[in-house]
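Data first, discussion second: the structure below is written as structure tokens.
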Amino acid sequence: MPKPILTIKKLTKKYGNNVIFHDIDLVVNEGDTIVVIGPSGTGKSTLLRCVNLLTKPDGGEIWLDDLEITAKGADEDRVRQHIGMVFQNFLLFNHLTALENVKLGLTKVKHLPEAAAHEKALAELTRVGLADRADHYPGQLSGGQQQRVGIARALAMDPRVMLFDEPTSALDPELIGEVLEVMRNLSLEGMTMIVVTHEMGFAREVADRIVFMEKGSIVEEGTPDDLFYRPKYERTREFLWKITELYGKKEAKE
Amino acid sequence: MAEWLGLFQRFLKDFILGAGTTLELTAVGLLMGFLLGLGLALAKTFGPKWLRAIATGYIELFRGTPLLVQLFLIYYGLPSLGITLSQTLSAYLALGLNSAAYQAEYLRGAIQAIGNSQMMAGRSIGLSRWQTIQHVILPQALRLALPSWSNEPISLLKTTAIVFLIAVQDLMAKAKRAATITYNPIGSYLAVAVVYLVLVFALDALLKWAERKTKIPGFEINTKRV
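Residue numbers (my numbering), protein chains in the order written: chain A, 1 to 254; chain B, 1001 to 1226.
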């Protein structure tokens, strides 16, 4: 029996009168990799930010295990420790080396002693294949390497769930592969992940379920096979077809 | 020329003493201005509405009125409210309060440039708001601010000259004294001009060194991209 880690109920977000998304229901089970797709401006990124409480939702509930994190008085900082986030623009701490980027949360949030934090940070960098870049500053790393540091930084907190907000959209095509590989391995290791991406190859291969969002609501949700071969809605087929064609072109270039 | 050098030599000890006072005024004013200015900049960027309003009001007030007026209000005005401060203390206070307004603006610009995205990144790993400011935003913002902020110490060093008007014995006061004794104002003021120039050069070298020392590889390029 799969155990839900993250349960989203009737989640709604508005900016003023502008509804970003409304009544989103989503259950993420332990070990699931959920890929969220959809045209830009549909609220996918905002949804991730709501899950991480970086943005406050206007209605609905989010549960992490048995705790309602949207409840009044929930300890946001504590919640965020358990939900890792990887950003489109990496958002590394530019004044710190790769190792220090990963270490900061360990010493300041988890209060690990210096030596233990160092060891753990190095282990996380090794996990993303960057142990040899530990002393480099973000400005000295390629985009793909920066994003892998970003992943290591989030992983170091031992999160229950990892959120990826278009992690490869800001990367040159030849750097996308190394980031997707790290994510693929994470998924195989059983990490629970929600990934917003346009990388259809990744979605098809790695996702347990694909969620198609449009205009602020979930249009369709199912296994990759369901969505690619047996979509219930014409709109889903159209979108997937368009995106796959784009992605295919990109792949042919490599 | 020989006569001028003679004057210089005669008052050298006096000038050195005065230069010491001038440097002290600069250092204290700068430090006070930095601490208060940083508080104002943070209040203006991250504070609640009412605090932002207070910070803005403070900055407008102190940038909008002459330093000399502020100095006189503190030294001659406060005693009527029952607060009497020594000349040196009044000078420190006026320079510090005034410099804070300018430093706040240098720092605010840099803090806002580092801004929201780094705040989001810090919060995403569970750092609190204040921890993020402390460990993520300020280390970057201060580096970013350094080149333009460097104007402030140099400008302040020269601005301290006005305190001779409340008889603080700074470099300017020593020049006035030399001028009175020797009946040679041009020579005297020229002499301290040279001393000011030497101090500014030294300070400038120190600031350039600090800029090099705190530089992070690739950091400037990266901030431009974000």
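The beta-carbon is built from N, C-alpha and C at its ideal position, and this holds for glycine as well. It should be emphasised that the depicted structure is a prediction, and the values quoted were computed from it without experimental measurement.
Whole-angstrom distance between residue j and residue i, CA atom to CA atom
| i | j | result |
| --- | --- | --- |
| G1047(B) | Q1087(B) | 35 Å |
| A1161(B) | Y1196(B) | 10 Å |
| L6(A) | L227(A) | 22 Å |
| P173(A) | V179(A) | 11 Å |
| L186(A) | G177(A) | 14 Å |
| R1123(B) | G1037(B) | 25 Å |
| Y233(A) | E220(A) | 8 Å |
| I1186(B) | R1177(B) | 13 Å |
| N1116(B) | T1132(B) | 11 Å |
| V195(A) | K9(A) | 19 Å |
| D296(A) | V1136(B) | No statement about residue 296(A) is possible, as the shown extent of chain A runs from 1 to 254 and does not include it. |
| T192(A) | C50(A) | 17 Å |
| Q145(A) | L175(A) | 8 Å |
| Y229(A) | D65(A) | 33 Å |
| Y1075(B) | A115(A) | 54 Å |
| L112(A) | L1097(B) | 41 Å |
| R209(A) | G222(A) | 5 Å |
CB contact below 8 Å: residue i versus chain A
| i | result |
| --- | --- |
| M1120(B) | yes |
| F1219(B) | yes |
| S1086(B) | no |
| I1054(B) | no |
| R1143(B) | yes |
| Q1140(B) | yes |
Cβ neighbour criterion (16 or more within 10 Å) applied to residue i
| i | result |
| --- | --- |
| I1181(B) | exposed |
| S1148(B) | exposed |
| M1172(B) | buried |
| V1198(B) | exposed |
| R1212(B) | exposed |
| L1012(B) | exposed |
| T33(A) | buried |
| A1041(B) | buried |
| K103(A) | buried |
| Y15(A) | exposed |
Option in the options with minimal Cα separation from residue i
| i | options | result |
| --- | --- | --- |
| T244(A) | R204(A), K44(A), L175(A) | R204(A) |
| D135(A) | R127(A), T97(A), L112(A), A170(A) | T97(A) |
| L1030(B) | K1215(B), A1179(B), P1153(B) | P1153(B) |
| E217(A) | T12(A), K3(A), P4(A), P2(A) | The amino acid at residue 217(A) is misidentified as Glu; the sequence shows Ser. Cα-wise, what sits closest to S217(A) is T12(A). |
| V211(A) | K242(A), K120(A), P39(A) | P39(A) |
| F90(A) | M193(A), E166(A), P231(A), M162(A) | E166(A) |
| V128(A) | G190(A), T223(A), A152(A) | A152(A) |
| T1159(B) | A1027(B), T1045(B), A1041(B) | A1027(B) |
| Q1112(B) | S1090(B), N1098(B), A1145(B) | A1145(B) |
| N18(A) | A156(A), T42(A), L155(A), E30(A) | T42(A) |
| T1214(B) | R1143(B), S1150(B), G1039(B) | R1143(B) |
| R80(A) | M183(A), K44(A), F239(A), L54(A) | L54(A) |
| N94(A) | A1121(B), A1043(B), Q1070(B) | A1121(B) |
Residue-chain proximity (residue i, chain B), Cβ-Cβ < 8 Å
| i | result |
| --- | --- |
| V19(A) | no |
| P4(A) | no |
| K13(A) | no |
| F87(A) | yes |
| P231(A) | no |
| R80(A) | yes |
| H22(A) | no |
Residue i beta carbon near the ligand ZN (any heavy atom closer than 7 Å)
| i | result |
| --- | --- |
| L1206(B) | This structure lacks the ligand ZN; in fact it carries no ligand of any kind. |
Residue i: contacting residues in chain D (beta-carbon distance under 9 Å)
| i | result |
| --- | --- |
| L54(A) | No chain D appears in this structure, whose protein chains are A and B. |
Give the list of continuous alpha helix (DSSP H) stretches no shorter than 4 residues that lie fully inside the stretch 22-88 of chain A.
44-51, 76-82
Contiguous alpha helix (DSSP H) assignments of at least 4 residues, all confined to the stretch 1080-1137 of chain B:
1087-1124, 1129-1132
Give, in chain order, every unbroken run of the alpha helix (DSSP H) that is at least 4 residues long and sits entirely within the stretch 159-191 of chain A.
173-188
Where are the alpha helix (DSSP H) runs, 4 residues long or more, that stay fully inside the stretch 1127-1194 of chain B, in chain order?
1129-1132, 1138-1149, 1151-1159, 1171-1182
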